[in-house]
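Q: The sequence shown begins at 24 in my numbering and counts up one residue at a time.
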Amino acid sequence: MKKVLVLPLFAMVAFVSQAWGEKCKYEGKIMGCGYPTGCYSTSTEYTNVPDDGSTCVGSETGKSGPTCTCDKIIEGCKKDGEIYTFNSEPSIWLSEPWGKGATCGSNGGTLAFTTSCGKWCKYSGKSDCDAIKPDPDGEYGSPTATCAEAIANCEGGGAIYDNANCSGGSPIFKFTPASTALIVAQSSRSLHISSAKDATVSLYDMSGAKVYSGKVRAGNSVFSLEKVAVGSYYAVVQSGSDAKKVPVVLK
């Protein structure tokens, strides 16, 4: 079951004063943090609450605590967002809604750090669309350390899309391991596929990047992988509403 994404509070509240605290920098430039809810400034005006110091929240809460360091803010942004750098402070941080609803990339920001795997996921029963990325804390299900693991985690409980809106025109994979309408098996450097309908074959490397693709007709087919380099991969075969994922090792 996917947990609800809880963003650090410093990315959800407006600054009371943009003059407070030290402005955080990344690689010597002004730093902003991009989240699904907006593009936010970063500053040490925030204090550590709760007691474990895991979240930086604004001092306007009235709670006391040690000043949050830029290192802690950078750590939090890398975990839940994306780091952007700016040559000058964007105007979206100077007035309400303080960057909410904005994107860093369209406001002069240059992407400096991201853990995104280049795909998006919508979990069953959820209306939100989340970027797929490694999740070592297991906030989206089983803990994952690589893009391949994160993509597989989405496959097990949701649908994969190739855009950030999880909307039409994008591939949706519905995995049905028990289905007998689609059978996929590797034999040497080929895949033997039995499907009731025409099928699409996509081969991914272990980082989640697509390296090869093609189609086969309904019935019993052999999909050649002779042109693919030696290595470990996984194949996603989609036939109608059925899809199966199989490991592929090429020697």
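Cβ coordinates follow ideal geometry from the N, Cα and C atoms, glycine included.
Please go through the segment 109-194 and give each complete beta strand (DSSP E) segment of 3 or more residues, from N-terminal end onward.
A: Qualifying beta strand (DSSP E) stretches, in chain order: 133-136, 143-146 and 181-184.
Q: Enumerate in chain order the residues of its own chain whose CB-to-CB distance from Cys189 is below 7 Å, with the five nearest sequence positions on each side excluded.
A: Here the set comprises Trp143, Lys145 and Cys152.
Q: Per DSSP, what kind of secondary structure is Glu249 in: helix, strand or coil?
A: In the structure shown, Glu249 sits in coil (DSSP, three-state: anything other than H, G, I, E or B).
Q: Where does Gly99 sit, in a helix, a strand or coil, going by DSSP?
A: In this structure, Gly99 counts as helix in the three-state DSSP scheme.
Q: For Asp221, which of helix, strand or coil comes out of DSSP?
A: If DSSP states are grouped into helix, strand and coil, Asp221 belongs with coil.
Q: Taking all protein chains shown into account, do 16 or more other C-beta atoms lie within 10 angstroms of the C-beta of Pro159, making it buried, or fewer, making it exposed?
A: The residue is exposed, with fewer than 16 neighbouring Cβ atoms inside 10 Å.
Q: By the three-class DSSP mapping on this structure, what secondary structure does Cys62 have?
A: Residue state, collapsed to three classes: strand.
Q: To which residues of the same chain is Thr138 closer than 6 Å at the C-beta, ignoring the five residues directly before and after it?
A: The residues are Lys156 and Pro157.
Q: Among Ile115, Ile174 and Lys233, which has the Cα closest to the Cα of Ser129?
A: Comparing Cα-Cα distances from Ser129 to each of Ile115, Ile174 and Lys233, the minimum goes to Ile115.
Q: Skipping 5 residues on each side, what residues in its chain have a beta carbon closer than 6 Å to that of Arg309?
A: Nothing can be reported for residue 309: it is not among the residues displayed for the chain, which extend from 24 to 274.
Q: Using a Cβ-Cβ cutoff of less than 6 Å, which residues in the same chain neighbour Thr199 once the five nearest sequence positions on both sides are dropped?
A: Reliability fails at Thr199, whose pLDDT of 49 lies under 50, so the model's placement of it is uncertain and the value that follows must be treated cautiously. If we look at Thr199 and ignore the five residues flanking it on each side, its Cβ neighbours are Asp265.
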